[in-house]
Amino acid sequence: MAYVHSIWPLAAVLLPLLATVPIMLSGRSPNLRESWTLLAGGGMFAIVASMLPTVLAGGGFVLTLAEVVPGVPIQLRVDALGMFFALVASFLWIFTSVYSIGYMRALEEHDQTRYFASFAVAIAATIGVAFSANLLTLYLFYEVLSLSTYPLVTHEQNAEARASGRKYLTYILGTSIGLVLPAMLIVYQLTGTLDFTHGGILAGKASPATLSLLLLLFVLGFAKAGVMPFHGWLPAAMVAPTPVSAFLHGVAVVKVGVFSILRVVFDIFGPDLLRSLDLGVALTYFVSITILFASLVALTQDNLKRRLAYSTIGQLSYMILGAGMVSAAGMTGGVLHIAMHAFGKITLFFCAGAIYVASHKKYISEMDGLGRKMPITYAAFFLGALSIIGMPPLGGFLSKWNLLVGAVQSHQMVLVAVLLGSSLLNAAYFFPIIYRGFFAPAPAGEAREGIREAPLFCLLPLSVTALCSLLLFFYPTVFLQLVQRALFP
Amino acid sequence: MQGIIAEIVAKYNYWIYVVLMMIGFYAMIGKRNLVKKLIGLNIFQTAIILFYVSTGVKRGGGIPIVDKHAALTHGIDPATVVNPLPHVLMLTAIVVGVSVTGVALAVLLRVYREYGTLEEDEILEKIGK
Amino acid sequence: MTTSNLHIYILAAPLLGAFAVNLLGRLSRRWVAPLTLGVLGYATIAALVVLARVLRDGTISYTVGNWRPPFGIELVIDPLGALMLLLISAVALTATFSSLTSIERELPGREHLFFTMYLLLIAGLTGLALTGDAFNLYVLLEITSITTYGLIAMGRGRAPLASFNYIIMGSIGACFYLLGVGYLYLLTGTLNMADIARILQGLQETAALATAFAFILVGLWIKMAFFPLHSWLPTAYTQAPSGASVMIAPLMTKVTVFLMIRVIFSIFTPTYAFFHHPGVQAGIVWAAALAIVCASALALAQRDLKRMLTYIIVAEVGYMVGGVWLANTQGMTGAILHIVNDALMTLCLFLAAAAIIYRTGSLGFDSLQGLYRRMPITMAAFTVGAFSMIGIPPTAGFFSKWYLLLGGIEASQWGYVAALVFSSLVNAVLFFRIIEIAYFRTGEAGHGHGHAVVRVEEAPLMMLAPLVLAALALIAVGFGSGPLVNGVIRLAIPGGF
Amino acid sequence: MKQVQERARTRAVGESLIIQTAVRLMVPFIQLFGLYVIVHGHYSPGGGFQGGVILGASFILTAVAFDLQTSLKRFSERTNAIMGNAGVLLYTGVGLLCALLGGLFLDYSALVRIIPMDPVEWRSLGIFLVEVGVGLAVMSIMASLYWDLSSRGELDEGL
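Spelled out as structure tokens, the structure:
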């Protein structure tokens, strides 16, 4: 692949980062502040999209910032995999911003300036992760993301939020410093480079035992991916405002974790190495536990956002599962699921937030009959849930189908069972919500006159993302092409 | 046993400094009065100074002050004079020691003004309150 | 041999400045600030030029009074020394802005006395970076120590007592060093470092050399507060006037670590120091690991910001000692880079502490509540310093930790690697605890929806500007660590191990 | 004679006429000797340190025999501090002057540029200047060490 030296990757990262300055300065005038946010979001998406044709044509962009360690510069590079992720993230950020404005204003939240500033830094870091050319750069942006989302998690500032923030940092920083950093150093020690190279850099450099240890360190170390046992931060982080949950769990944080693992699996280890050492199989079995267990726990949750959180934990491991299969269809499905799950889950979170804004309800058991009051929200929720479960005609079907094919191709009937079983569980924890919303009688003696649809700023994004989930089933071409480019150039 | 005694006798000067040093060391650690600690420190330093000075000694060496003209015409036989360099070095070390003592005494004055005592136990008791 | 006098001016400027401040400051206090800043500004610029010159032409040797070494006193400025020279003068210059302001309040009427000692201390540190003579090193070490005793004793409350403990410990350290040099003198009959190294080549088997080495090492360890010889440091640095601690804390321990490197390289040679006594090298790395773990754990127990920082300093000394004794290029690079980075981080954090104390009068954790609203810029800079201590890229602290860890992995010293990682995690806990208090606890009841109006009370510009500068320097050094390592530090490490 | 007796009676405990008179006689000679040691220091045993200590001792002797105030009247704290600083400035100043004139630090032969003399003569004179500086500094430090420590830093009554 030919990489062109270009300033654009940096521009995509810097635009939201620099937007924090006017956002903080215009804290007294909310309208101005929000227009900066939207401007940055739109601009960033435009920059990312403008690079899309070149990437689809097999090209790419690269920019070296500074050589900080011999052989490892801080370098940004736009390739197909990164483009795929950046496209999803930057596109969804626009809607998250719009939704945030509606949500925060409707609830008259405090410290909105800090909120929007942290948000902008977070998206900059996310794009940075997507465009990282080597593990060190990725690690850099990964940490920036961890730190910039901390104020978002602790936004409420009460004891519970502080405790969650502490938990969040303990998991995220603890694993990244304690596991990823040593693993990265060992890789550097072994190979003298950290560059993401198609086909991996580790082949023939270390013993199988060392490689297994490294893989374990990376998979567990990128705790944002929520692989058990380091998943505990995700439900805890649900104390954050809902747009944060939507953004964290739909787009940025968790996907960054998965994306990092995929990067490492594809471009540091390389599928061939995994296959030759049977590490891929070990990986799939390892994450299967998370898939099933998380789905089971989700069934028991009454708090809607917590149920979604556990659902997320399960779905994230699908993506790693796909990568671990090291078969063409499996890997395609895994990567594709990043996008499909992002659109589906962000819809679900938007809906959860819209319900909270409209009715101040957090628990599923209280939501009987709400769907009749808020039909649009619930319809969107229905679409999102279908996509996550993997039903046609929604985007989620495509990725899950590919995963199933991949499992069959690699003759892992256990995985087929896991995938099917998990889908059933998904259905089991989503359908009751929808059923209760539309068909259960409203509890007697509760005044519900005031409840109606959430404000337009909330409603619009969730409708769009729900429709996108639908459209992705019919027009997945761009994403499929990117995945093909990324995996089989 | 014989060997050890011979060793000690042959290098008796070093053993004296070791004993002196240990006395100073003991005073610094064992004594509870801050001034006594300081005196211990001085003994400690003095032991090292003596150690240095003794390294310059030569059997039969005289004072290293020589007549200018004699030195210029005949040169100096190094065996006839002790090595003056350690002495000069120790002059500096003594000055350092004096400075340390001076600063330490000044500091002790402030300690005394603060706590009204120089006994470590009593000071710790007062801090603990 | 050179005839340029620039490097001696770096040493002479603060020395002359010290007494000029004392004399003119008696006439009018107005002289103190311009003189101090002028002298240090000059030293910084000159140090930059000297560094450039050393990098271009190689090591500079300078003889005082034109007496040929080994008879005369020799100054040796190698790339490492030149780097230290720049570090010392730049950090001192930055710190001075802050201490001028805080001393004006803490020691009114005695500014000239304070800055006399302050400049003498800087002169001593500069001399340490320059000297090529083992005995001069002792004298300069004591000059720095004595001035530090004095500066610390100028603090309030327990400061004199802390200073006295420091005097006892510091003097024992210096005496040990002197004793070690005595043995070297017995062995070689010379005090010039290069000369000693030359003569020692044939004497590596003697027990006296091992004794000398042990005495010198232990002496320096006491001076640098290497755990468990650290007991004097926390109270002394906590109780010192904040104008003094902003300069002492970043520089003293770091310069002593530099001295250890200097002694190993210039006197004993790395081959002897690291490989002659099997087991010693590994043992010291383990001791360093222990130091890091214990000091970090002790830091967790503190409820006062400045005191907590002092324990972190002790832990960082463990980083550097361990890095040096890993005995490979990566570890040594890490240790030297960490000397630079740690000086800057400590400077940043202590400047922030000084600014906070200037406004709130206390550094207990309870008094930090809501500080992000009251002093946003100070706390932003503090956060950068904290991130660097934790080791989050792209701040400088990450990169030195990178090399240290790499060295540890290369030497298969897993205990040390684990200790470093553990300490980073502990630092994360320590600093986020403070960030949480200062950011999310506003001090009012409840969590207060809506905008609680808190007046912004930033520290004066004289304290704020150096703080921001230090924070920016941390990021700049982080991005520039590649050139720094390749261009300076690699040159400073002799090959052969 | 009567006056002397009167003064002897009103004297504080420990102050003795004999000692005071003796000290008054001795001090000039001690100081002269101190100067001698400084001046001859650069080519014979002695020097700035030793001479300075002797000079300092003369002030301490006055303070011990009379009281602190008397010795401060002869030689005030302020003068003392200025002389001490000036001593160091003289020492470093000479060294720096050599450097500024194109030689190395403390390379006195460079001072030829000021007054053309034999470089060897200048070396001797240069070290002499340095010794004077050192002597001044040491003298003032010895004196102020005693003054400050004996009066707890307040310079009032003394021991």
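Chains as they are written, first to last, in this note's numbering: chain A, 39 to 527; chain B, 1033 to 1161; chain C, 123 to 619; chain D, 5 to 163.
Glycine included, C-beta positions come from ideal geometry on N, C-alpha and C.
Remember, predicted model here, so these are calculated numbers, not experimental data.
- Neighbourhood of Arg200 (chain A) in chain C, by CB distance below 7 Å: Glu558 and Phe562, in chain order.
- Comparing C-alpha distances from Val172 (chain C) to each of C:Ile199, C:Pro372, C:Arg496 and C:Val543 shows the shortest one belongs to C:Ile199.
- Using a Cβ-Cβ distance cut-off of 8 Å, the stretch 97 to 105 of chain A and the stretch 136 to 149 of chain A are not in contact, since fewer than three pairs of beta carbons, one from each stretch, lie closer than that value.
- Cβ proximity to chain C below 8 Å picks out nothing from the stretch 141 to 152 of chain D.
- By alpha-carbon distance to Ile131 (chain D), the top candidate from D:Gly52, D:Asp71, D:Phe79 and D:Gly106 is D:Gly52.
- Taking a Cβ-Cβ cut-off of 8 Å, the neighbours of Phe53 (chain D) in chain B comprise Leu1123 and Val1127, given in sequence order.
- Per DSSP, the continuous beta strand (DSSP E) segment holding Arg115 (chain A) begins and ends at Val110 to Val116.
- Among the residues of chain A, none has a CB under 9 Å from the CB of Val171 (chain C); the nearest is roughly 25 Å distant.
- Interface criterion met: the Cβ of Gly1134 (chain B) is under 8 Å from a Cβ in chain D.
- Within the DSSP secondary-structure output, Val1113 (chain B) pairs in a beta bridge with B:Gly1094.
- In the structure shown, His1101 (chain B) adopts helical secondary structure according to DSSP, grouped into three states.
- Nearest Cα to Val590 (chain C) within the set C:Pro498, C:Ala316, C:Arg429 and C:Arg151: C:Pro498.
- Chain C places no beta carbon closer than 8 Å to that of Asn84 (chain D), leaving this residue out of the contacts.
- The C-beta of Val92 (chain D) comes closer than 8 Å to at least one C-beta of chain C.
- For Asp111 (chain D), same chain residues with a beta-carbon under 7 Å away, outside a window of 5 residues either side, are Cys102 in chain order.
- Interface flag for Pro515 (chain C) against chain A is set, since a Cβ pair is found closer than 8 Å.
- Note that the C-beta distance between Ile376 (chain A) and Phe297 (chain A) is below 8 Å.
- If you look at Ser183 (chain C), you'll find it isn't in any alpha helix (DSSP H); it sits in the beta strand (DSSP E) that goes Ile182 to Thr185.
- With respect to chain C, the C-beta atom of Glu1146 (chain B) has a partner C-beta closer than 8 Å.
- For Ile199 (chain C), the uninterrupted beta strand (DSSP E) segment begins and ends at Glu196 to Ile199.
- Proximity of Phe141 (chain C) to chain D, defined by a Cβ-Cβ separation below 8 Å, is satisfied.
- Secondary structure of Gly486 (chain C) (DSSP, three-state): strand.
- Minimum Cα-Cα distance from Asn84 (chain D) among the listed residues D:Phe33, D:Ala147 and D:Phe70 corresponds to D:Ala147.
- When DSSP states are grouped into helix, strand and coil, Asn341 (chain A) belongs to the strand group.
- Within chain B, the residues placing a beta-carbon under 8 Å from that of Pro49 (chain D) are Ile1097, ordered along the chain.
- Bridge partners of Tyr41 (chain A) according to DSSP: A:Gly98.
- Leu431 (chain C) and Pro246 (chain A) have their C-alpha atoms some 43 Å from each other.
- The beta carbon of Val395 (chain A) sits no closer than 8 Å to any beta carbon of chain C.
- For the stretch 106 to 126 of chain A, the set of positions with a beta-carbon nearer than 8 Å to some beta-carbon of chain C reads Val106, Val107, Pro108, Pro111 and Ile112 in chain order.
- Note: Val107 (chain A) is bridge-paired with A:Val110 in the DSSP secondary-structure output.
- The beta-carbon distance between Met511 (chain C) and Met467 (chain C), rounded to whole angstroms, is 5 Å. This is short enough to meet the 8 Å contact definition.
- For Asn440 (chain A), the uninterrupted alpha helix (DSSP H) segment begins and ends at Gly433 to Gln447.
- With respect to Leu309 (chain C), Thr328 (chain C) sits close: the two C-beta atoms are nearer than 8 Å.
- For the stretch 214 to 231 of chain A, the residues whose beta carbon sits under 8 Å from a beta carbon of chain C are, in order, Ile215, Gly216, Leu219, Pro220, Leu223, Ile224, Tyr226 and Gln227.
- As the crow flies, the alpha-carbon of Val551 (chain C) is around 13 Å from that of Leu427 (chain C).
- With a threshold of 8 Å between beta carbons, Leu1137 (chain B) makes contact with chain D.
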